[in-house]
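Our numbering applies: residue 27 is where the sequence shown begins, and numbers increase by one.
Beta carbons are placed, not taken as given, at the ideal position from N, Cα and C, and that holds for glycine.
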Amino acid sequence: MGGFIHGAEALIRWNHPERGHISPMEFIPIAEETGLIIPIGRWALFTACRQIASWMGKYKLYVSINLSAKEFSDSTLLEAIQKAIKQSQNFDPAYLKLEITETKCMDDPERTIQQMQSLLDIGVETFIDDFGTGYSSLGYLKRLPAVTLKIDRLFIDALERSQEERDYLTNIIRTVKSRQKKVLVEGVSNKTQFELLKAMDCDQMQGYLFSPPVPAAEFEKLLARKTLL
27 MGGFIHGAEA LIRWNHPERG HISPMEFIPI AEETGLIIPI GRWALFTACR
77 QIASWMGKYK LYVSINLSAK EFSDSTLLEA IQKAIKQSQN FDPAYLKLEI
127 TETKCMDDPE RTIQQMQSLL DIGVETFIDD FGTGYSSLGY LKRLPAVTLK
177 IDRLFIDALE RSQEERDYLT NIIRTVKSRQ KKVLVEGVSN KTQFELLKAM
227 DCDQMQGYLF SPPVPAAEFE KLLARKTLL
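Written out as structure tokens, the structure is:
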């Protein structure tokens with residue numbers, strides 16, 4: 027692992043003309059309560075798909091999109107995804123990834139498994155986000171038709187100062203990988219954390235060590251560099 031870019035996570039930001047930048051932590055919960063999260067999510071989906079298509083000629087990387095529980099369980103999700111891909115040069119669906127948190131997965135485990143499998147059937151993988159913060163059993167983990175689990179940044183903060191935390195995270199990574207799944211760790215902010223995670227056989231990482239959230243045009247400059255470290 028030498029800092030190669032495997033993919034990107036699409037993040038929504040709101041730059042209000044009067045209030046300036048508004049945190050997603052403020053407006054996303056309101057969107058979920060009012061039902062606006064569905065049209066916002068559809069806009070994000072179609073925008074991300076157009077971006078993937080525009081990169082296909084030069085770069086081969088995936089883009090992941092976060093979904094709320096309401097979006098994930100929506101009966102029209104698969105149809106919307108297929109339409110978005112078709113309208114974006116009909117690119118390989120493997121370059122689109124969806125993310126749903128572990129906690130939201132547990133709201134209705136059987137429905138989650140069914141929906142994830144339906145998405146896989148059309149070529150779209152679902153990442154389990156914030157893994158380690160919920161209450162998934164190991165048996166449930168094995169049943170999940172997800173290839174990649176994103177370890178929550180909560181486990182990264184204490185890595186440098188606590189051997190106990192390093193041992194704990196090492197065990198989580200080993201357990202996940204023993205079930206033929208990949209590990210992506212969030213919140214990596216310095217090279218010490220990077221080296222520790224590399225020694226733990228972590229598959230992929232993301233965080234401010236590599237780049238803060240940037241617009242697509244700025245991200246293309248990172249892609250042109252090919253490596254981030």
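- Less than 7 Å divides the Cβ of V89 from the Cβ of A36.
- Across the set N116, D183, A110, A95, the C-alpha of A95 shows the shortest separation from the C-alpha of P55.
- Out of A250, V202, R137, the CA that lies nearest to the CA of S101 is found in R137.
- When the beta-carbon positions are compared, K176 and L222 stay at least 7 Å from each other.
- Counting only runs of at least 4 residues, the stretch 43-85 fully encloses the following alpha helix (DSSP H) elements, listed from N- to C-terminal order: 50-60, 63-81.
- Taking a contact to require three or more Cβ pairs closer than 8 Å, the stretch 196-212 and the stretch 221-237 qualify as touching.
- T127 is a Cβ neighbour of D156, given a cutoff of 7 Å.
- DSSP lists I91 as the bridge partner or partners of A36.
- With at least 16 other beta carbons inside 10 angstroms of its own, E151 counts as buried.
- Per DSSP, the continuous alpha helix (DSSP H) segment holding T138 begins and ends at 135-147.
- The distance from the Cβ of S204 to that of Y234 is about 30 Å, inconsistent with a contact at the 8 Å cut-off.
- With a beta-carbon spacing of about 31 Å, W40 and F30 fall beyond the 8 Å limit used to define contacts.
- Inclusion of L71 and A110 in the CB contact set at 7 Å is warranted, their separation being smaller than that value.
- By the neighbour-count criterion, in which a residue is buried when 16 or more other Cβ atoms sit within 10 angstroms of its Cβ, I91 is buried.
- Within the stretch 145-225, the runs of alpha helix (DSSP H) at least 4 residues long that lie entirely inside it are, in chain order, 164-169, 189-204, 217-225.
- Sixteen is the threshold: since fewer than 16 other Cβ atoms of the shown chains lie within 10 Å of the Cβ of A250, the residue is exposed.
- Across the structure, D118 and F245 are spaced so that their CA atoms are roughly 21 Å apart.
- Taking C-alpha positions only, T253 is separated from L146 by approximately 30 Å.
- Taking the C-beta atoms as reference points, G61 is found no nearer than 7 Å to E97.
- Pairing A242 with Q77 gives a Cβ-Cβ distance under 7 Å.
- Here Q230 really is in contact with H32; their C-beta atoms are around 6 Å apart, less than 8 Å.
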